[in-house]
Amino acid sequence: MRLSPPLALFGAAVLVLVGPPLLTAGSGAETGTQIPGLRFMVPNTPGGGYDITARTAAKNAEDAELTHNIEVFNLPGAGGTVGLSRLVSEHGNGKLAMSMGLGVVGAVRSNDAPKTLADTTPIARLTEEQDVVVVSKDSPYKSVDQLVAAWKDKPGKLPVGGGSSPGGPDHLAPMLMAKAAGIAPKDVNYIPFDGGGELLASILGNKVAFGVSGVGEYLDQIKAGELRVLAVTGPERVDELDAPTLKESGYDVDFTNWRGIVAPPGLSDAERDKLVRLVRELHDSPEWQKSLKTNGWDDAFLTGAKFGDFLDAQDKRVVSVLKELGL
Numbered sequence: 194m195r196l197s198p199p200l201a202l203f204g205a206a207v208l209v210l211v212g213p214p215l216l217t218a219g220s221g222a223e224t225g226t227q228i229p230g231l232r233f234m235v236p237n238t239p240g241g242g243y244d245i246t247a248r249t250a251a252k253n254a255e256d257a258e259l260t261h262n263i264e265v266f267n268l269p270g271a272g273g274t275v276g277l278s279r280l281v282s283e284h285g286n287g288k289l290a291m292s293m294g295l296g297v298v299g300a301v302r303s304n305d306a307p308k309t310l311a312d313t314t315p316i317a318r319l320t321e322e323q324d325v326v327v328v329s330k331d332s333p334y335k336s337v338d339q340l341v342a343a344w345k346d347k348p349g350k351l352p353v354g355g356g357s358s359p360g361g362p363d364h365l366a367p368m369l370m371a372k373a374a375g376i377a378p379k380d381v382n383y384i385p386f387d388g389g390g391e392l393l394a395s396i397l398g399n400k401v402a403f404g405v406s407g408v409g410e411y412l413d414q415i416k417a418g419e420l421r422v423l424a425v426t427g428p429e430r431v432d433e434l435d436a437p438t439l440k441e442s443g444y445d446v447d448f449t450n451w452r453g454i455v456a457p458p459g460l461s462d463a464e465r466d467k468l469v470r471l472v473r474e475l476h477d478s479p480e481w482q483k484s485l486k487t488n489g490w491d492d493a494f495l496t497g498a499k500f501g502d503f504l505d506a507q508d509k510r511v512v513s514v515l516k517e518l519g520l
């Protein structure tokens, strides 16, 4: 079962007549991507997928001279729904955008949040990526089969950590993995963390038996030998990693996460279009295309109303999968 794609940024333009130096060709003057005072909210802790996506997108946008002085700030809590509530309260603010993804979709459901993504202005889906099943370098598990054998023996005794609330990607992936391995999802001891950054310390300290998070979040730690990757959750192997897919390991799981950007409700058409334009030009920039490769992200670009339709479909899919898993 595959929960489709992706995530990352924003934009808009104002021609400054006094103060900064005159804008030159390629700086955003003609394309209308300059948004003075643009702020980018990350609804989880530093080091997580939303955070990495946001900071990468902000730097790439500045390096490509699409806009300048973007402020990225973290507002974690309740799987991203604290940030979502703040975003929705900023009605009509065309200088604010929020990094988000499937985790926020799930958190809205699991926390029965009063505000939902239907209350936001959809801007763009940016990326899709696989999750990785990882253990610390000191873990006794050298393969996914060894891990699953121990997990099946005592499912409640092997805690699995994820960087999302129940219903989010890092929760759904191990639940689908458990079901494929013949473990009842309700028997799984899942421990949620507010982002991959928080989860990392618990994996490294062997506080959880294994962790599930996005490729881009842990690629550096895997390459450095601090984490051992046992499997990836998507349909194909990841070039940068020496790890099988769950499916080729005999577990019928095909799961990918996605990330994107939403803005407050009540934007004018011009404000919304400017944000979409900034993200579109970011997407087309050499800087962003290089970041996709560096972070192991798949391009899953989708904007505006089509992204809004996708968000609605993802909400329905999360509900369906949770029911199927008996959760």
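Each number in the working numbering comes from the position in the sequence shown (counting from 1) with 193 added on. The C-beta atom is built at its ideal place from N, Cα and C for all residues, glycine as well.
Between 356, 374 and 369, which lies nearest to residue 184 when the distance is taken from Cα to Cα? Residue 184 is absent from the structure shown; the chain starts at 194 and stops at 520.
Test item: CB-CB of residue 278 and residue 235 under 9 angstroms: no
Buried or exposed for residue 432, please, with buried defined as at least 16 other CB atoms from any protein chain shown within 10 angstroms of its CB.
-> exposed
Am I right that residue 276 and residue 296 are in contact with their C-beta atoms under 8 angstroms? What's the rounded C-beta distance? Rounded, the Cβ-Cβ distance is 11 angstroms, inconsistent with contact.
*Just the C-alpha distance for residue 333 and residue 391, rounded to the nearest angstrom, thanks.*
22 angstroms
Query raised in the report: Quick one: what's got a C-beta closer than 6 angstroms to residue 218's C-beta in the same chain, skipping five residues either side?
Result: Only weak support is given to the placement of residue 218: the predicted model assigns it a pLDDT of 37, under 50, and the value that follows is read from those uncertain coordinates. Here the set comprises nothing.
Review point. Would residue 214 be called buried (16 or more neighbouring beta carbons within 10 Å of its own) or exposed?
Key: Bear in mind that the predicted position of residue 214 carries a pLDDT of just 37, short of 50, making it unreliable; the figure below should be weighed with that in mind. Classification for residue 214: exposed.
- Keeping to the same chain, check which residues put their C-beta closer than 7 angstroms to that of residue 511; ignore five residues upstream and five downstream. 298, 299, 302 and 360
Candidates 405, 419 and 261, of which the one nearest residue 352 by Cα: If we check each option's Cα against that of residue 352, 405 comes out closest.
Could you please give the first and the last residue of the uninterrupted beta strand (DSSP E) stretch that includes residue 290?
Where residue 290 is concerned, the enclosing beta strand (DSSP E) stretches over 289 to 294.
Discussion item. Within 10 Å of its beta-carbon, does residue 323 have 16 or more other beta-carbons around it, so buried, or fewer, so exposed?
Written reply: buried
Going by alpha carbons, who is nearest to residue 247 out of 238, 233 and 259? 233
For this session: Compare the Cα-Cα distances from residue 240 to each of 310, 445 and 409 and report the closest residue.
Result: When only C-alpha atoms are compared, the closest one is 409.
Evaluate the contact criterion for the segment 330 to 346 versus the segment 259 to 266: three or more CB pairs, one atom per stretch, below 8 angstroms.
no
Nearest-angstrom Cα distance between residue 317 and residue 451? 11 angstroms
Quiz item: Do the segment 372 to 382 and the segment 416 to 430 meet, that is, are 3 or more Cβ pairs less than 8 angstroms apart?
Solution: The segment 372 to 382 vs the segment 416 to 430: no contact.
Exercise. Check the DSSP bridge columns for residue 249 and list the partner residues they point to.
Key: For residue 249, which the question treats as bridged, DSSP gives no partner whatsoever.
For this session: Return the chain-ordered list of same chain residues with a C-beta closer than 6 angstroms to the C-beta of residue 415, the five sequence neighbours on each side being excluded.
Result: 422
Fill in: Separation of residue 284 from residue 544, as counted between CA atoms
No answer is possible for residue 544: it lies beyond the span of the chain, which begins at 194 and ends at 520.
- request: Please classify residue 315: does DSSP put it in a helix, a strand, or coil?
  value: strand
| request: Give the secondary structure of residue 500 by DSSP, where H, G and I count as helix, E and B as strand, and everything else as coil. | output: helix
> Near residue 313, which residues of its chain fall below 8 angstroms by C-beta distance, leaving aside the five closest residues on each side in sequence?
Replying inline: 277, 280, 281, 291, 455, 456, 457 and 458
Task: Proximity of residue 497 and residue 469 at Cβ, strictly below 9 angstroms - done: yes
**Asked** Expressed to the nearest angstrom, what Euclidean distance is found between the alpha-carbon atoms of residue 141 and residue 393?
**Response** Residue 141 lies beyond the range of the chain shown here (194 to 520); nothing can be said about it.
Buried or exposed: where does residue 484 fall if 16 or more other Cβ atoms within 10 Å of its Cβ makes it buried?
buried
Around the C-beta of residue 461, are 16 or more other C-beta atoms found within 10 angstroms, so that it is buried, or is it exposed? exposed
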